[in-house]
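Enquirer: If you're matching them up, the sequences are chains A, B and C in order.
Read in order, the letters of the first sequence are residues 124 to 342 in this note's numbering.
Read in order, the letters of the second sequence are residues 124 to 342 in this note's numbering.
Read in order, the letters of the third sequence are residues 2 to 263 in this note's numbering.
Even glycine gets a Cβ: it sits at the ideal position worked out from N, Cα and C.
Values in this document were obtained by computation on a predicted structure and should not be read as measured data.
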Amino acid sequence: MSDAEQVHGQEESLFEAPPMGEQERMVEAILFASAEPVTVTELEARMPHGADAREALVYLRKRYEGRGVQVVKVGDAWAIRTAPDLGYLMQKETVETRKLSRAAIETLAIIAYHQPVTRAEIEEIRGVSVSRGTVDQLIEMEWIRFGRRRMTPGRPVTFVVTQTFLDHFGLESARDLPGLKELRSAGLLESRPPPGLMPGPDSEDEDEASEGQSELFED
Amino acid sequence: MSDAEQVHGQEESLFEAPPMGEQERMVEAILFASAEPVTVTELEARMPHGADAREALVYLRKRYEGRGVQVVKVGDAWAIRTAPDLGYLMQKETVETRKLSRAAIETLAIIAYHQPVTRAEIEEIRGVSVSRGTVDQLIEMEWIRFGRRRMTPGRPVTFVVTQTFLDHFGLESARDLPGLKELRSAGLLESRPPPGLMPGPDSEDEDEASEGQSELFED
Amino acid sequence: MAEQTEFQSDEQSVSERMAAEALIIDVDGYEGPLDLLLTLSRTQKVDLRTISVLELAEQYLAFVERARRLRLELAADYLVMAAWLAFLKSRLLLPPDPSEEGPSGEELAAHLAFQLERLQGMRDSAAQLMARDQLGRDFFGRGLPEDVTRVRRVTYTATLLDLMQGYARIRTKDEFRPFTMDRDAVMTMEQALDRMRGLIGYAGDWTDLTSYLPEGWETDPAKRRSAVAANFAASLELAKAGAIEIRQGEMFAPIQIRRTAE
Chain A
124 MSDAEQVHGQ EESLFEAPPM GEQERMVEAI LFASAEPVTV TELEARMPHG
174 ADAREALVYL RKRYEGRGVQ VVKVGDAWAI RTAPDLGYLM QKETVETRKL
224 SRAAIETLAI IAYHQPVTRA EIEEIRGVSV SRGTVDQLIE MEWIRFGRRR
274 MTPGRPVTFV VTQTFLDHFG LESARDLPGL KELRSAGLLE SRPPPGLMPG
324 PDSEDEDEAS EGQSELFED
Chain B
124 MSDAEQVHGQ EESLFEAPPM GEQERMVEAI LFASAEPVTV TELEARMPHG
174 ADAREALVYL RKRYEGRGVQ VVKVGDAWAI RTAPDLGYLM QKETVETRKL
224 SRAAIETLAI IAYHQPVTRA EIEEIRGVSV SRGTVDQLIE MEWIRFGRRR
274 MTPGRPVTFV VTQTFLDHFG LESARDLPGL KELRSAGLLE SRPPPGLMPG
324 PDSEDEDEAS EGQSELFED
Chain C
2 MAEQTEFQSD EQSVSERMAA EALIIDVDGY EGPLDLLLTL SRTQKVDLRT
52 ISVLELAEQY LAFVERARRL RLELAADYLV MAAWLAFLKS RLLLPPDPSE
102 EGPSGEELAA HLAFQLERLQ GMRDSAAQLM ARDQLGRDFF GRGLPEDVTR
152 VRRVTYTATL LDLMQGYARI RTKDEFRPFT MDRDAVMTME QALDRMRGLI
202 GYAGDWTDLT SYLPEGWETD PAKRRSAVAA NFAASLELAK AGAIEIRQGE
252 MFAPIQIRRT AE
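(1) Please confirm whether Leu-109 (chain C) has its beta-carbon closer than 7 Å to some beta-carbon of chain B.
(2) Using only alpha-carbon positions, find the residue among B:Asp-208, B:Asp-199 and B:Arg-177 that is nearest to Val-192 (chain B).
(3) What residue from B:Arg-221, B:Ser-296 and B:Glu-244 has the CA that sits closest to Thr-287 (chain B)'s CA?
(4) My understanding is that Pro-276 (chain A) touches Ala-243 (chain A), with C-beta atoms under 8 Å, so please give their C-beta distance in whole angstroms.
(5) Taking only beta-carbon positions, decide if Arg-133 (chain C) is within less than 7 Å of chain B.
(6) Our contact map puts Val-283 (chain B) next to Gly-270 (chain B) with C-beta atoms below 8 Å; I'd like the distance itself, whole angstroms only.
(7) Buried or exposed: Asp-139 (chain C), going by 16 or more other Cβ atoms within 10 Å of its Cβ?
(8) Please check if any C-beta of chain B sits within less than 7 Å of the C-beta of Val-47 (chain C).
(9) For Ala-200 (chain A), which beta-bridge partners are listed by DSSP?
(10) Can you tell me whether Val-240 (chain A) is helix, strand or coil according to DSSP?
(11) Could you check if Tyr-211 (chain A) is buried or exposed, using at least 16 other CB atoms within 10 Å of its CB as the buried criterion?
(12) Between which two residues does the beta strand (DSSP E) holding Ile-247 (chain C) run?
(13) Return no unless some Cβ of chain B is closer than 7 Å to the Cβ of Ser-126 (chain C).
(14) Please identify the residue among A:Ala-232, A:Pro-301 and A:Ile-267 whose C-alpha is closest to the C-alpha of Leu-164 (chain C).
(15) Between C:Pro-34, C:Gln-129, C:Ile-52 and C:Ala-169, which has its C-alpha nearest Tyr-61 (chain C)'s C-alpha?
(16) Name the two residues that bound the continuous alpha helix (DSSP H) containing Phe-288 (chain A).
(17) Under the rule that 16 or more other beta-carbon atoms within 10 Å means buried, what is Phe-180 (chain C), buried or exposed?
(18) Report the option in B:Met-170, B:Gly-319 and B:His-237 whose CA atom is closest to the CA atom of Pro-142 (chain B).
(19) Check the Cβ of Gln-129 (chain C) against every Cβ in chain B and list those closer than 8 Å, keeping chain order.
(20) What are the start and end residues of the alpha helix (DSSP H) that includes Gln-116 (chain C)?
(21) Could you name the residues of chain C that Ser-157 (chain A) contacts, counting a contact when the two beta carbons are closer than 7 Å?
(22) Could you say which of A:Lys-196, A:Arg-184, A:Ser-157 and A:Pro-160 lies nearest to Gly-144 (chain A) if we only look at CA atoms?
(23) Does the count of Cβ pairs from the region 77 to 85 of chain C and the region 128 to 144 of chain C closer than 8 Å reach three?
(24) Hey, is Val-409 (chain A)'s beta-carbon within less than 7 Å of any beta-carbon in chain C?
(25) Within 8 Å, do at least three Cβ pairs link the region 251 to 260 of chain A to the region 221 to 238 of chain A?
(26) According to the neighbour-count rule (16 or more other Cβ atoms, all chains shown, within 10 Å of its Cβ), is Gly-164 (chain A) buried or exposed?
(27) Going by beta carbon distance, what residues of the same chain come within less than 7 Å of Leu-166 (chain B), once the five residues before and after it are set aside?
(28) Could you check the C-alpha separation between Thr-162 (chain A) and Trp-201 (chain A) for me, to the nearest Å?
(29) How would you list, in chain order, the residues of chain A whose beta-carbon sits under 7 Å from the beta-carbon of Ala-152 (chain B)?
(30) At the level of alpha carbons, what is the spacing between Leu-300 (chain A) and Tyr-157 (chain C)?
(31) How would you call Arg-190 (chain B), buried or exposed, if buried means at least 16 neighbouring beta carbons within 10 angstroms?
(32) Who are the neighbours of Val-280 (chain B) on chain C, taking C-beta pairs under 8 Å?
(33) Sort out for me which residues DSSP pairs Arg-43 (chain C) with in a bridge.
(34) At least one CB of chain A closer than 7 Å to the CB of Arg-177 (chain B): is that the case?
(35) Using the three-state DSSP reduction, which class does Glu-329 (chain B) fall into: helix, strand or coil?
(36) Tell me the DSSP secondary structure of Pro-267 (chain A) in three-state form.
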């Protein structure tokens, strides 16, 4: 054997492709460790000369069938990804409990005491406009919902409290809400309003909720 | 399976842990998705109620034996890491790590082999005082952390190595440190109080060094 | 003894001398006296367990002496170690004095050997540790971690107390506003008086007081109440002034007024 041949022979043995099982391992490791999907060209550039990444991918893909992760094609590149049915494991739900904002509490209270009540009425009682976000939040929490439309010009929507609301506050019905008198005797109201100046419930409330409510505030 | 059994199985399915094969897939998916080791507790917190992550890990670990990636234990957590023999394929992923000074490497080794260890003990072993920067650097790399205080006069803080350290060096636990057995049988991990009059950086602290040095390795 | 040491050190080979010189030049490169002792001990080419501490002490003292001759500044701890090693040397060479307290020279030497062996042990371990496969260098973690998406579900809560306090706050807010009359539903006595003065001229006969209510005030109960009260008060005023007479047949019967006859 000539020197030249020997060198050539060594070169070949150095660059002989490793067995397919080994190639599969390589592809597995590269796909796992790469921050981005890897193309076949990139795989082969990193694997020993003569490696057939495409074939190795076929085996690897088969191996991961039905497993918790899968070998998936992303464009013309490959990546290992969580099996779609296990996606829910990748979500960690942290429940944070926050106190409802003052605006939301007041709006909710008005709806509870005056239901069914229109937005304009809520604003009139609160003396400030009610932000859309506040109402949306209460609806999302399922504490209030839309009631029937008021049969007045413009047919405004009304808001009422929900069963979820009643459940949360341990009430059988909105009528069980304590009235001002009870609030006062419970020490929740500091001052006594001057007699005769107690504003009554809005007189245009012709619905059933309006009666009974007025009682609540009579002193 | 008889009909009766089937019905029984169906009834209980709501409250029963999923089959082990399914649990194995879940653990697989979670470990693949995480860059950091995941503890059994965390695994089970994310898996359905009643799941036995520990058992699933036994199966999963076996499944990945000899593959391109492996299931490794890191302290009391688990991770998937590429097989070390394939490291050469991953040059692209190599992160340039900060070169540690000789002092830092020695300090790290002393903490690893002697943990929990006080600063005075480190100084006694090295024969020089430990610079603040060295300890800070190791803490910043999250390779060491404060352990519990030594119950000796002055209640000095101790240092121990972290899970990140174990993960970095591919150690299941500090008990697997290379050469630990030899060091111990040679008596080099014992704390031997110097017979008076020995010069040292902080000779007044030497007494407290006496106990507990090898606590970690005794259980 | 001192001469013997000198003699011995003179007998050192040229290469050893050169090594010792190199040590001196490099003195800054040592991590303290223990490190220097460990390096010096290597020239003995023996296991650290069988090291001659006496010989090591002499090497160290020779090192310090040379450094002094070269006018090199040595840190204090190197000099403390030199003093201690000189003391150790004398203990090792002199026959033990039974009257002397403290550890024997052999005990001190054994501990120094232990310290050196322990330091060497740690150095070897550190080397073994750093030679291990390392994460991010030899083996790798997930390159594309699918981060656990933290679904942060915020649940808002409120207690019945919050609700009631909120409501009470709104309902009592009115009580704290500056006092103003809601004029549109209120008729003052002055208004009624003005109006009745104009109308009274036509009331020659007994007329129901309620018929004096202004238009638009009869239907709304609040307005009606206010107008009735104002008209009544006004008629009392007029009666007092002698402009009208008032009568009421019985309790709750209609109140009637008429102009006083001239």
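Expert: On the basis of the supplied data:
(1) yes
(2) B:Asp-208
(3) B:Ser-296
(4) About 12 Å; that fails the 8 Å criterion.
(5) yes
(6) 4 Å
(7) buried
(8) no
(9) A:Thr-162 and A:Val-197
(10) strand
(11) exposed
(12) 245 to 249
(13) yes
(14) A:Ala-232
(15) C:Pro-34
(16) 286 to 292
(17) Annotation note: pLDDT 44 at Phe-180 (chain C) (below 50); position unreliable, coordinate value reported separately. Answer is exposed; the Cβ neighbour count stays below 16.
(18) B:Met-170
(19) Pro-301 and Gly-302
(20) 106 to 132
(21) Gly-144 and Leu-145
(22) A:Arg-184
(23) no
(24) Only positions 124 to 342 of chain A appear in this structure, which leaves residue 409 (chain A) out of reach.
(25) yes
(26) Here residue 164 (chain A) turns out to be Thr, not Gly, going by the sequence shown. The residue in question, Thr-164 (chain A), is exposed, as its Cβ has fewer than 16 Cβ neighbours within 10 Å.
(27) Val-150, Ile-153 and Ala-176
(28) 6 Å
(29) Gly-191, Val-192, Thr-205, Ala-206, Leu-209 and Leu-212
(30) 20 Å
(31) buried
(32) Within 8 Å Cβ-Cβ: nothing; Val-280 (chain B) doesn't reach chain C, min ~20 Å.
(33) Arg-43 (chain C) pairs with nothing; no bridge assigned.
(34) no
(35) At Glu-329 (chain B) the pLDDT is 40, less than 50, meaning the model places this residue with poor confidence; the figure from the coordinates comes in the next sentence. In the structure shown, Glu-329 (chain B) sits in a helix (DSSP, three-state: H, G or I).
(36) According to the sequence as given, residue 267 (chain A) is Ile; it is not Pro. Strand at Ile-267 (chain A).
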